[in-house]
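Asks: Residue numbers (our numbering): 1 to 120.
By construction, the Cβ of each residue, glycine as well, lies at the ideal position given by its N, Cα and C atoms.
Take a look at this one; I'll ask things after.
Written out as structure tokens, the structure reads:
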């Protein structure tokens, strides 16, 4: 699915989510050639980042984290940042991009459930 360098770049990016307001990030999904396994050595890493809403401070933080991973590993992380409502609408409208992500994507990170340790 990937290479050690891509895995490190992704790990660096995901580790930075905790420094960002990670509660605003719903899910991070690897998609594209690296998810399908038909990438070349110079292929970028396509990540869909589903957020509660898009705003400049959050976008800046996410792109800074991706740029830091580029500097550390020499591999471009290409982010597509989409609000959850927009992504839900894309799925409802059966948009090809969203359908491909659902079919081929690899979920790398999901927002921790606030009720993960709640008694049932």
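Does the region 62 to 76 come within contact of the region 16 to 34, defined as at least 3 CB pairs closer than 8 Å?
Replies: Counting Cβ pairs under 8 Å, three or more are found: they touch.
Asks: For residue 26, which residues from the same chain have a beta carbon less than 8 Å from its beta carbon, with the 5 sequence-adjacent residues on both sides left out?
Replies: 50, 51, 52, 84, 110, 111.
Asks: What's the gap between the Cα of residue 56 and the Cα of residue 12?
Replies: Between residue 56 and residue 12, the C-alpha separation is close to 22 Å.
Asks: Kindly give me the distance between the Cβ atoms of residue 47 and residue 24, rounded to whole angstroms, as I take these residues to be in contact under 8 Å.
Replies: With a Cβ gap of about 16 Å, residue 47 and residue 24 do not count as contacting.
Asks: Nearest to residue 78 by CA position, among 87, 43, 98, 2, is which residue?
Replies: It is 43.
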